[in-house]
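Going line by line, the protein sequences match chains A and B.
Positions 1 to 200 (our numbering) are the ones given, in order, by the first sequence.
Positions 201 to 400 (our numbering) are the ones given, in order, by the second sequence.
Beneath this line is the structure, given in structure tokens, with notes to follow.
There are 2 protein chains.
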Amino acid sequence: MADHNALPLIILAEKFASLPGIGMKSAQRLAYHVMSMDTAAVEEFAQALVNAKKNVHCCSVCCNLTEREICPICGDAERDHSVICVVETPKDVTAFERTREYSGVYHVLHGLLSPIDGVTPDKLHIKELLARIAKGGIEEVIMATNPTVEGDATALYVAGLLKPLGIKVSRLAFGLPVGGMLEYADEVTLFKALENRNYI
Amino acid sequence: MADHNALPLIILAEKFASLPGIGMKSAQRLAYHVMSMDTAAVEEFAQALVNAKKNVHCCSVCCNLTEREICPICGDAERDHSVICVVETPKDVTAFERTREYSGVYHVLHGLLSPIDGVTPDKLHIKELLARIAKGGIEEVIMATNPTVEGDATALYVAGLLKPLGIKVSRLAFGLPVGGMLEYADEVTLFKALENRNYI
Chain A
1 MADHNALPLI ILAEKFASLP GIGMKSAQRL AYHVMSMDTA AVEEFAQALV
51 NAKKNVHCCS VCCNLTEREI CPICGDAERD HSVICVVETP KDVTAFERTR
101 EYSGVYHVLH GLLSPIDGVT PDKLHIKELL ARIAKGGIEE VIMATNPTVE
151 GDATALYVAG LLKPLGIKVS RLAFGLPVGG MLEYADEVTL FKALENRNYI
Chain B
201 MADHNALPLI ILAEKFASLP GIGMKSAQRL AYHVMSMDTA AVEEFAQALV
251 NAKKNVHCCS VCCNLTEREI CPICGDAERD HSVICVVETP KDVTAFERTR
301 EYSGVYHVLH GLLSPIDGVT PDKLHIKELL ARIAKGGIEE VIMATNPTVE
351 GDATALYVAG LLKPLGIKVS RLAFGLPVGG MLEYADEVTL FKALENRNYI
């Protein structure tokens with residue numbers, strides 16, 4: 001914003017622009033929108049920001065985000081606590097919960113190995129996973145990181161740590177996405193789909 | 201977000217989703233991003249929201265947003281205070297200032313006439329414009345609302361109020377956008393460009 005603009009508006013636009021996926025143009029539009037909101041609504045928004053940051057933290061068991069000591073999934077006696085699905089982010093937990101098909105528990109790594117970006121194993125919540133397994137009662141760990149180079153590397157690294165402990169480790173299946181078209185599938189996906197074909 | 205998610209996070213995502221142009225999916229991503237920010241940065245963001253709303257208000261002369269009593273443009277003695285450019289929003293002031301070619305002052309209506317949406321003349325800052333003109337010293341009013349149905353209607357309405365006061369009223373030129381291609385111009389724009397052709 002040019003210097004004829006009100007300074008508090010410029011500062012607010014810069015804050016919006018610092019969020020991922022919001023450019024300076026959108027940030028300015030959002031800042032102007034805030035001006036048209038009720039004072040109470042703006043204060044609630046500000047309070048929601050501070051509250052989320054202050055009250056939400058990692059579950060002491062699975063490292064998913066929660067405002068309690070132990071998240072509702074880890075605290076649910078109905079779920080199968082012998083199967084742990086290892087994911088990158090809390091968003092991935094939401095994705096699995098949407099399928100309504102998984103009844104085990106989760107472990108959130110909060111990142112993927114990427115030595116180039118300085119993400120080494122000690123930056124991820126891997127030791128918390130090992131501590132859970134050390135307590136016993138875990139039969140299977142499903143590595144559900146993304147099908148990317150970093151996701152695969154992380155899955156292999158964690159699997160390498162768990163195998164010697166006698167834990168069954170699995171990886172999500174690769175193949176054609178349901179509803180997808182063969183002709184649009186990339187060659188690696190198609191190769192994986194062929195390789196992992198099921199006899200019917 | 202499903203009910204396994206932390207409530208403060210759900211509330212924050214809903215606040216982001218209430219902003220224009222941000223869907224629930226992006227809002228969730230933003231809420232998760234806030235979790236990864238420093239506590240100090242989150243508090244600054246919250247403060248920026250409240251500050252902008254509290255300290256920024258309409259300039260008592262031109263109704264542009266400012267944190268002062270009179271905005272820097274209205275307070276600038278170097279500018280031509282006899283020409284007023286009437287725009288819809290503060291963003292439009294920024295757009296004109298970017299051209300660096302306009303040395304007059306502005307008047308921000310904060311909307312366009314749209315009876316269907318309940319925006320009647322009394323909802324816009326039209327009486328403030330009439331009060332400025334009643335004080336004298338104004339030679340020309342440039343109607344610089346958008347080239348849309350509402351923009352044209354508002355321009356005509358305001359022009360109808362000003363003409364009897366002996367004020368010169370003009371409207372922005374319609375024509376081809378510079379750098380545009382004839383073949384992509386819509387028929388109304390092309391007709392306007394033909395009608396308003398200049399002899400060279």
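Where a beta carbon is used, it is the ideal one built from N, C-alpha and C, also for glycine.
Can you check which of these residues, Val149/A, Pro115/A, Gly75/A and Gly175/A, is closest to Leu190/A by C-alpha distance? To locate residue 190/A, count along the first sequence from 1; it is residue 190. Leu190/A has its Cα closest to that of Gly175/A, out of Val149/A, Pro115/A, Gly75/A and Gly175/A.
For the stretch 221 to 235 of chain B, list every residue whose C-beta sits within 9 Å of some C-beta in chain A, in sequence order. Taking 9 Å as the Cβ-Cβ cut-off against chain A, the residues of the stretch 221 to 235 of chain B that qualify are Gly221, Ile222, Ser226, Gln228, Arg229, Leu230, Ala231, Tyr232, His233, Val234 and Met235.
For Lys163/A, which residues of its own chain have a beta-carbon under 7 Å away from its beta-carbon, when the five flanking residues on both sides are left out? Position 163 of the first sequence, counted from the first residue, corresponds to residue 163/A. Within the same chain, Cβ atoms closer than 7 Å to the Cβ of Lys163/A are found at Val169, the five residues on either side in sequence being excluded.
Let me make sure I understand the geometry here. Which of Ala31/A, Leu19/A, Pro20/A and Leu161/A has the alpha-carbon closest to that of Val9/A? What you label residue 9/A is simply residue 9 of the first sequence in a count that begins at 1. Here residue 9/A is Leu; the residue named in the question, Val, does not match the sequence. The candidate whose alpha carbon is nearest that of Leu9/A is Ala31/A.
Within chain A, partners of Phe245/B - CB distance below 7 Å: Along the second sequence, read from residue 1 onward, the residue named residue 245/B stands at position 45. Here the neighbours are Lys15 and Leu49.
Partner residues on chain B for Leu9/A, Cβ-Cβ distance less than 7 Å: Numbered from 1 along the first sequence, position 9 holds the residue referred to as residue 9/A. Ordered by position in chain B, the residues that pass the 7 Å Cβ test against Leu9/A are Ala252, Val256 and Leu265.
Three-state secondary structure (DSSP) at Ser236/B? For the purposes of this step, residue 236/B is identified with residue 36 of the second sequence, where counting begins at 1. Helix.
Output the residue ranges of the alpha helix (DSSP H) runs that lie fully inside the stretch 72 to 155 of chain A and measure 4 residues or longer, sorted by chain position. You should have 90 to 99 and 126 to 134.
Going by alpha carbons, who is nearest to Asp122/A out of Pro147/A, Tyr106/A, Thr154/A and Arg197/A? Mapped onto the first sequence, residue 122/A falls at position 122. Of the listed residues, the one whose Cα sits closest to Asp122/A is Thr154/A.
With the cut-off set at 7 Å, would you say Val358/B and Ile284/B are in Cβ contact? One-based indexing of the second sequence puts residue 358/B at position 158. One-based indexing of the second sequence puts residue 284/B at position 84. Cβ atoms of Val358/B and Ile284/B: not closer than 7 Å.
Whole angstroms are fine: how far does the CA of Lys254/B sit from the CA of Arg79/A? Start at 1 with the first residue of the first sequence, and residue 79/A comes out as number 79. Start at 1 with the first residue of the second sequence, and residue 254/B comes out as number 54. Cα to Cα, Arg79/A sits roughly 49 Å from Lys254/B.
Please confirm whether Glu150/A and Ser114/A have their CB atoms less than 7 Å apart. The residue labelled residue 150/A in the question sits at position 150 within the first sequence. The residue labelled residue 114/A in the question sits at position 114 within the first sequence. Yes, these two residues count as a Cβ contact at 7 Å.
Where the beta strand (DSSP E) containing Lys192/A begins and where it ends: Stepping through the first sequence from its first residue, residue 192/A is reached at position 192. Unbroken run through Lys192/A is the alpha helix (DSSP H), Glu187 to Glu195; no beta strand (DSSP E).
Roughly how far, in whole angstroms, is the beta-carbon of Ala331/B from the beta-carbon of Met35/A, given that I think they are within contact range, below 8 Å? Mapped onto the second sequence, residue 331/B falls at position 131. Mapped onto the first sequence, residue 35/A falls at position 35. With a Cβ gap of about 22 Å, Ala331/B and Met35/A do not count as contacting.
Quick one: residues in its chain with C-beta nearer than 7 Å to the C-beta of Cys59/A, no 5 flanking neighbours on either side, listed in chain order? Stepping through the first sequence from its first residue, residue 59/A is reached at position 59. In the same chain as Cys59/A, and ignoring 5 residues on each side of it, the C-beta atoms closer than 7 Å to its own belong to Thr66, Ile70, Cys71 and Cys74, in chain order.
Check whether the stretch 38 to 50 of chain A touches the stretch 210 to 229 of chain B, taking contact to mean three or more Cβ pairs, one atom from each stretch, closer than 8 Å. Because the criterion of three Cβ pairs below 8 Å is met, the stretch 38 to 50 of chain A and the stretch 210 to 229 of chain B touch.
Write down the C-beta distance between Ala27/A and Phe16/A rounded to the nearest angstrom, noting that I regard them as a contact closer than 8 Å. As a working note, residue 27/A is residue 27 in the first sequence. As a working note, residue 16/A is residue 16 in the first sequence. Ala27/A to Phe16/A, Cβ: 4 Å. Contact.
From which residue to which residue does the beta strand (DSSP E) around Lys163/A run? Against the first sequence, residue 163/A aligns to sequence position 163. Lys163/A -> no beta strand (DSSP E), and no H or E assigned at all.
Ignore the nearest five residues each way along the sequence and tell me which others in Gly137/A's own chain have a CB closer than 8 Å to its CB. The sequence position of residue 137/A within the first sequence is 137, counting from 1. Excluding residues up to 5 positions away in sequence, His81 and Ser82 lie with their Cβ nearer than 8 Å to the Cβ of Gly137/A in the same chain.
Reduced DSSP category for Arg68/A - H, G, I as helix; E, B as strand; rest coil: One-based indexing of the first sequence puts residue 68/A at position 68. In the structure shown, Arg68/A sits in coil (DSSP, three-state: anything other than H, G, I, E or B).
Classify Pro20/A: buried if its beta carbon has 16 or more other beta carbons within 10 angstroms, exposed otherwise. To locate residue 20/A, count along the first sequence from 1; it is residue 20. By the Cβ-count criterion, Pro20/A is exposed, with fewer than 16 other Cβ atoms from all chains shown falling within 10 Å of its own Cβ.
Tell me, please, whether the CB atom of Val283/B is closer than 7 Å to any CB atom in chain A? The count along the second sequence starts at 1 and reaches residue 283/B at position 83. No Cβ of chain A is located within less than 7 Å of the beta carbon of Val283/B.
Just to check my reading of the structure: Gly111/A and Val119/A have Cβ atoms closer than 8 Å, yes? What is that Cβ distance to the nearest angstrom? Sequence index remark: in the first sequence, residue 111/A carries index 111 (1-based). Sequence index remark: in the first sequence, residue 119/A carries index 119 (1-based). Indeed they touch by this definition, with Cβ atoms about 5 Å apart.
Grouping DSSP H, G and I as helix and E and B as strand, with all else coil, what is Ser260/B? If you number the second sequence from 1, residue 260/B lands on position 60. Secondary structure at Ser260/B: coil, using DSSP grouped into helix, strand and coil.
Between the beta-carbon of Pro90/A and the beta-carbon of Val61/A, is there less than 7 Å? The residue labelled residue 90/A in the question sits at position 90 within the first sequence. The residue labelled residue 61/A in the question sits at position 61 within the first sequence. The Cβ atoms of Pro90/A and Val61/A do not sit closer than 7 Å to each other.
Where Ser370/B falls: helix, strand or coil (DSSP): Indexing the second sequence from 1 puts residue 370/B at position 170. In this structure, Ser370/B counts as strand in the three-state DSSP scheme.
Take Ser218/B and list the residues in its own chain whose beta-carbon comes closer than 7 Å to its own, dropping the five residues that flank it on each side. Counting from one through the second sequence, the residue named residue 218/B turns up at place 18. No residues qualify anywhere along the chain.
Indicate whether Glu139/A and Cys63/A have their beta-carbon atoms separated by less than 7 Å. Residue 139/A sits at position 139 when you count from the first residue of the first sequence. Residue 63/A sits at position 63 when you count from the first residue of the first sequence. No, they are not a contact pair.
Report the residue from Val56/A, Glu44/A, Asp38/A and Phe45/A whose alpha carbon sits nearest the alpha carbon of His257/B. By 1-based counting over the second sequence, the position of residue 257/B is 57. When only C-alpha atoms are compared, the closest one is Asp38/A.
DSSP-derived helix/strand/coil call for Ala202/B: Counting from 1 along the second sequence, the entry for residue 202/B is found at position 2. The predicted position of Ala202/B is uncertain, since its pLDDT is 48 and thus under 50; a value taken from the coordinates is nonetheless stated next. It is coil, neither helix nor strand.
Could you tell me which chain A residues have their CB closer than 9 Å to the CB of Val358/B, listed as they occur along the chain? Here residue 358/B refers to the residue found at position 158 of the second sequence. Here the premise fails: no neighbours, minimum Cβ distance about 21 Å.
Drop a sphere of 10 angstroms on the beta-carbon of Arg378/B, count the other beta-carbons inside from all chains shown, and report buried for 16 or more, exposed for fewer. For the purposes of this step, residue 378/B is taken as residue 178 along the second sequence, with counting starting at 1. Contrary to the premise, residue 378/B reads as Val rather than Arg in this sequence. Exposed.
Are the beta-carbon atoms belonging to Arg371/B and Met343/B less than 7 Å from one another? One-based indexing of the second sequence puts residue 371/B at position 171. One-based indexing of the second sequence puts residue 343/B at position 143. Yes.
In this structure, how does DSSP classify Pro377/B when only helix, strand and coil are distinguished? Within the second sequence, the letter at position 177 stands for residue 377/B. Coil at Pro377/B, not helix or strand.
What separation, rounded to the nearest whole angstrom, lies between the Cα atoms of Val42/A and Arg397/B? Your numbering for residue 42/A matches position 42 in the first sequence. Your numbering for residue 397/B matches position 197 in the second sequence. Approximately 49 Å between the Cα atoms of the pair.
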